[in-house]
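Worksheet: one structure, shown below.
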Ligand code: FES
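What follows is the structure, given as structure tokens:
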């Protein structure tokens, strides 16, 4: 696209072209280049309040070199940057805003193609959603995981160990001096969290779906290979523009299913379910929770990665990363799916370097678990579904009946959890509600909420917890999430009372409030939404009016594709 294409509207198109060219000369490219070479946007989400993206400038330089080398002109532009632990109340509130920002920047600017650089949890999902809507040729580059941390000879991983050591600190088994020393080592450098949390998961899924060059997801942030990968991505986007390959030709239902296979085989984050459902909604591709459940019964966990397993992303990289893992799962993949590498997925897997089997990426006959780690639950408590990462849960609690102890909100939880008089036992089923997409708003990662300190001090380390919230991909525990519909909009979670027996049966895929149907009808007829002050203006006002439920991906209803061509 010549830089003068689609000029700004001034009522005089020729003046618009003249003005555009006049201002574009700043970059130093001669007129002939500006009007003939492909223009490649590089979407840089670096910011100093997003420490996971701290090293992006070096990657941008590498992408630029690749673009120029292949004959394009690189044009870097920013979009909003969401650093998971630096935003309040929760990053999920901003994912859709990032997706809208990215989509509009891609569509409004004179770009033939775009390389999107993301890493921290919500950035790559937002970018994929934007690409699905903008449908401009694109390659996604992940910033890569942090190197492993270490404390007194033990490998540390953010944020699985952030949580586990904090729990021990609350339980009194780790001192304040120790927790300070651990904090120094938990996140030792640039890059995203280095366990199979949401950022790692979404990078893996993006590679499996064909939107990232093969082998890119696992390369550590500080490894020289990441800059080589960035440079190759710069070259690739110029080729994709020349070939007219657009995201919707890659992101088919088959590609999304390949992404789910990768998610499951990696023991990945529950958040990926929401992001993939949102992506499917943008694409107009039919995808439901049942697709995840069906595949979860067939796909083994092959990557022995925390929090489900033992190793971390650095180890995954050395064991061959995504190609090694998918190479074991060829019969479960659509190998004909196209990729930004310019070859079908099957060819990429056939071409991958031979790797010796390792403990980190297991062979098919020696899986970490014979089936995937995510189970979709249904029942009268979750008519539209709920999710449990059962391989990160306590086996003894996977089939459990216990009395409900209900917290009406995060404030209520904070107020009462440490009360020594709290009527709680290790058998209790802790219910946290009004923390869903609308109720919170933004569905925070509060689902793996803390256990009462008095039980921690007795040695209890896990209990059944149920909520309409999400959970960090780095967390674990017997935690039922994404209950839909959420309590705030009238879901049955809002009808639970203290002492009601609740049945969790992962084997039966069931989540049931063991109260008579008649009593539930009575409670439903008298139910009132929790009274909370709702935002009267701005983005949050828009959010609570238009966000969809967890089983639809929590995108805005007006951003879903009306039909596959829109
Ligand atoms: Fe950015 Fe964990 S805080 S990926």
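Numbering (my numbering), first residue to last: 96 to 661. Just so it is clear, CB atoms sit at the ideal spot from N, CA and C, and this is done for glycine as well. These figures come from a predicted structure and were not determined experimentally.
Asked                                                                                                              : Found
Residue 256 Cβ short of 6 Å to the ligand FES heavy atom set                                                       : no
heavy atom of the ligand FES below 6 Å from residue 649 C-beta                                                     : no
Residue 85 beta carbon near the ligand FES (any heavy atom closer than 6 Å)                                        : The structure shown has nothing for residue 85, since the chain only spans 96 to 661.
Straight-line gap, residue 373 to residue 402 (C-alpha atoms, nearest Å)                                           : 24 Å
Selected residue, minimal CA-CA separation from residue 588, among 158, 208 and 622                                : 622
Of the residues 180, 167 and 137, the one placed nearest residue 147, counting alpha carbons only                  : 180
Outcome for residue 636 when other beta-carbon atoms lying within 10 angstroms are tallied against a minimum of 16 : exposed
Selected residue, minimal CA-CA separation from residue 679, among 502, 100 and 593                                : Nothing about residue 679 can be reported from this structure: the residues present for the chain run from 96 to 661 only.
Which listed residue (125, 491 and 366) has its alpha carbon closest to that of residue 563                        : 366
Cβ-heavy atom distance, residue 138 to the ligand FES, below 6 Å                                                   : no
Member of 578, 549 and 553 whose CA lies at the smallest distance from the CA of residue 483                       : 578
Start-to-end residues for the alpha helix (DSSP H) that takes in residue 279                                       : 271 to 281
Residue 182 Cβ short of 6 Å to the ligand FES heavy atom set                                                       : no
Residue 47 CB to nearest heavy atom of the ligand FES below 6 Å                                                    : Only positions 96 to 661 of the chain appear in the structure, and residue 47 is not among them; the question remains open.
Through-space distance from residue 202 to residue 73, alpha-carbon basis                                          : There is simply no residue 73 to check, as the chain begins at 96 and stops at 661 in what is shown.
Backbone CA spacing between residue 129 and residue 109 [nearest angstrom]                                         : 16 Å
Closer than 6 Å: residue 179 CB and nearest the ligand FES heavy atom                                              : yes
Alpha carbon of residue 532 to alpha carbon of residue 651, nearest angstrom                                       : 11 Å
Straight-line Cα distance separating residue 400 from residue 656                                                  : 35 Å
Touch test, the segment 157 to 164 against the segment 323 to 335, Cβ-Cβ under 8 Å, three pairs minimum            : yes
Start-to-end residues for the beta strand (DSSP E) that takes in residue 250                                       : 249 to 251
First through last residue of the alpha helix (DSSP H) which encompasses residue 320                               : 319 to 338
Test item: CB-CB of residue 213 and residue 140 under 7 Å                                                          : yes
Length at least 3, wholly inside the segment 443 to 491: the beta strand (DSSP E) runs in chain order              : 469 to 474 and 477 to 484
Same chain, Cβ closer than 6 Å to residue 504, neighbours up to 5 away in sequence not counted                     : 529
Residue 184 versus residue 133: straight-line alpha-carbon distance, rounded                                       : 40 Å
Separation of residue 221 from residue 199, as counted between CA atoms                                            : 12 Å
Cα-Cα separation between residue 346 and residue 513, rounded to whole angstroms                                   : 47 Å
Distance, residue 348 Cα to residue 380 Cα                                                                         : 6 Å
CA-to-CA distance, residue 280 to residue 659, given in whole angstroms                                            : Here residue 659 scores only 46 on pLDDT, less than 50, and its place in the model is too uncertain to base an answer on.
Host beta strand (DSSP E) of residue 171 (start-end)                                                               : 168 to 173
Same chain only: Cβ atoms within 7 Å of residue 661, ignoring 5 sequence neighbours per side                       : Any reading at residue 661 needs caution, since the residue's pLDDT is 47, under 50, leaving its predicted position unreliable; the model's value is listed next. Once the five neighbours on either side are set aside, residue 661 has no close Cβ partner at all.
Residue 524 vs residue 574 beta-carbon contact at 7 Å                                                              : no
Distance, residue 173 Cα to residue 641 Cα                                                                         : 26 Å
Buried or exposed by the 16-neighbour rule on C-beta atoms within 10 Å, applied to residue 260                     : buried
Among 371, 539 and 178, nearest to residue 299 - alpha-carbon criterion                                            : 371
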